[in-house]
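Student: Handing you this structure, nothing more for now.
In my numbering, the protein residues as written are 45 to 275.
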């Protein structure tokens with residue numbers, strides 16, 4: 045008789061369980077490793093560019109060498125409640141779910157932590173499966189990494205154009221300056237580029253981008269306590 049554990053179905057179940065354990069443990073191990081300051085994580089998009097021989101430009105800089113106005117601008121544009129949630133903004137997420145159920149047009153509810161988790165571990169195409177995975181990964185990321193480290197990683201792996209990753213490469217490519225020397229308006233242009241970096245060009249902003257940048261610049265100036273967790 046064939047023992048159940050050695051049958052094809054039994055082996056398949058064992059492999060599935062093993063794969064599940066690996067998938068659960070891998071983010072935990074990597075995030076623990078990413079706490080170390082000299083470890084410079086890469087995104088799944090960067091890995092894809094390497095595998096496809098597309099190449100990319102990314103120059104890691106510590107958060108201390110990034111202009112504070114850029115940090116303020118990105119936070120005000122992408123996730124004003126970054127310092128106050130535990131990886132997921134449940135109020136915003138619940139609103140999006142309610143709008144989707146009602147058949148209304150939805151807006152983004154991804155926090156900076158969710159975007160960081162997505163960039164580190166998931167794919168880019170939108171789907172309910174990916175969004176469902178983002179939530180526990182974001183909560184795990186917020187549990188393991190300090191807020192300042194999450195912001196540092198995000199600003200060093202975010203895409204700012206085809207093959208342009210991280211704020212230093214973006215500042216050099218678009219404005220011929222360093223991340224430390226970005227002006228408030230340049231920082232605002234980079235911040236409002238993030239939702240669609242393939243279409244939006246911070247160095248050649250259209251009228252709509254200019255309006256968004258001016259609004260973002262005003263919000264960044266008045267950020268105050270909102271950005272306290274990354275100082």
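Backbone N, C-alpha and C fix where the C-beta goes; we use that ideal spot for every residue, glycine too.
So which of 89, 100, 192 has the shortest CA-CA distance to residue 166?
Tutor: Among 89, 100, 192, the Cα nearest to that of residue 166 belongs to 89.
Student: Please list the segments of the alpha helix (DSSP H) lying wholly inside the region 191-224, counting only runs of 4 or more residues, in order along the chain.
Tutor: 191-201, 211-219
Student: Identify the residues that DSSP records as bridge partners of residue 101: which are they?
Tutor: 208
Student: Once you ignore the five residues that flank residue 241 on each side, which residues in its own chain have a CB closer than 7 Å to its CB?
Tutor: 203, 204, 205
Student: Under 6 Å Cβ to Cβ from residue 109, same chain only, skipping five residues before and after it: list those, please.
Tutor: Excluding residues within five positions, the ones whose Cβ falls inside 6 Å are 224.
Student: Please return the same chain residues whose Cβ sits closer than 6 Å to the Cβ of residue 256, not counting the five positions on each side in sequence.
Tutor: Cβ within range, chain order: 236.
Student: Pull up the distance between the alpha-carbon of residue 215 and that of residue 180, whole angstroms please.
Tutor: Rounded to whole angstroms, residue 215 to residue 180 spans 32 Å at the Cα level.
Student: Quick one: what's got a C-beta closer than 8 Å to residue 259's C-beta in the same chain, skipping five residues either side?
Tutor: none
Student: Quick one, are the C-beta atoms of residue 201 and residue 157 less than 9 Å apart?
Tutor: no
Student: Specify the secondary structure class of residue 80 as computed by DSSP and reduced to three states.
Tutor: coil
Student: How about the region 181-192 and the region 114-134: do they share at least three Cβ pairs that are nearer than 8 Å?
Tutor: yes
Student: Report buried or exposed for residue 162, applying the criterion of at least 16 other Cβ atoms within 10 angstroms of its Cβ.
Tutor: buried
Student: With burial defined as no fewer than 16 other Cβ atoms inside 10 Å of the residue's Cβ, what is the status of residue 55: buried or exposed?
Tutor: exposed
Student: Just curious, the alpha helix (DSSP H) that residue 236 is in, first and last residue?
Tutor: 228-237
Student: Do residue 270 and residue 193 have their beta-carbon atoms positioned less than 9 Å apart in this structure?
Tutor: no
Student: When the distance is taken between beta carbons, is residue 264 closer than 9 Å to residue 232?
Tutor: yes
Student: With burial defined as no fewer than 16 other Cβ atoms inside 10 Å of the residue's Cβ, what is the status of residue 104: buried or exposed?
Tutor: The C-beta of residue 104 has 16 or more other C-beta atoms within 10 Å across all chains shown, which makes the residue buried.
Student: Taking the continuous alpha helix (DSSP H) assigned at residue 277, which residues delimit it?
Tutor: The structure shown does not extend to residue 277, since the chain is modelled only from 45 through 275, so no value can be given for it.
Student: Taking only three categories from DSSP, how would you classify residue 110?
Tutor: DSSP places residue 110 in coil when its eight states are reduced to three.
Student: Could you spell out the range, first to last residue, of the alpha helix (DSSP H) harbouring residue 133?
Tutor: Unbroken run through residue 133: none, as it is neither H nor E.
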